[in-house]
Each structure stands twice: as structure tokens, then as C-alpha cells.
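Numbering (this note's numbering), first residue to last: 16 to 102. Step one of this worksheet: look at the structure below.
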């Protein structure tokens, strides 16, 4: 039997979601902090509009990754296929 039609195990989806969140939070936060001058010796400290921009980036990453691109970065790395919505 082929595993192509089976949904991915729940643990894989949870791990992919957590890793996706940490990836976009740290990479996006570092980039936004670098652009706005909010980097600190320990990392970054975002407040106000830069923090809102990071939140919007995280939401956009998951929306685009799951709805439009067929899977986020860690979905693809872990081999999780997401069904595409039919128009």
C-alpha cells in the first residue's frame, strides 16, 4: 500500500508548526530589528509598530505557506503534504 493518500501523523504537524513559528519569529524578528534599529546585544527587542509588523509577518507566513504555497518550509522538510483547496 502507498502512503501517498494518508494524512501525516499529528506529531509531525505539531513539530512542523512549532519549528515554523520559531523560524519565522527569530529570522523575521532579527530582520525587522535590524531594519528598525531595535537589535540588542542579546538579540532584539521589538515594541510598537515593528512588533505589529512581526506579528503580521508570522500570520502572512502561515497563510501563504499553507493556503497558497502548498506547505510551509518545515512541512516540506518533514514531508507533510497539505491538501490544496479546490476553487
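All C-beta atoms in this analysis are idealised placements derived from N, C-alpha and C, irrespective of residue type, glycine included. The model shown is predicted, which means the values in this text are computed figures rather than measured ones.
Under the DSSP assignment, residue 28 falls in the alpha helix (DSSP H) whose first and last residues are 25-51. Residues of the same chain with their beta carbon placed closer than 7 Å to that of residue 56 are lacking, with the five preceding and five following residues left out of the count.
Segment contact: the stretch 57-65 against the stretch 28-37, fewer than three CB-CB distances shorter than 8 Å; contact not assigned. In terms of Cβ geometry, residue 70 and residue 35 do not form a close pair [threshold 9 Å]. About 7 Å separates the CB atoms of residue 43 and residue 73; that is less than 8 Å, so the two are in contact.
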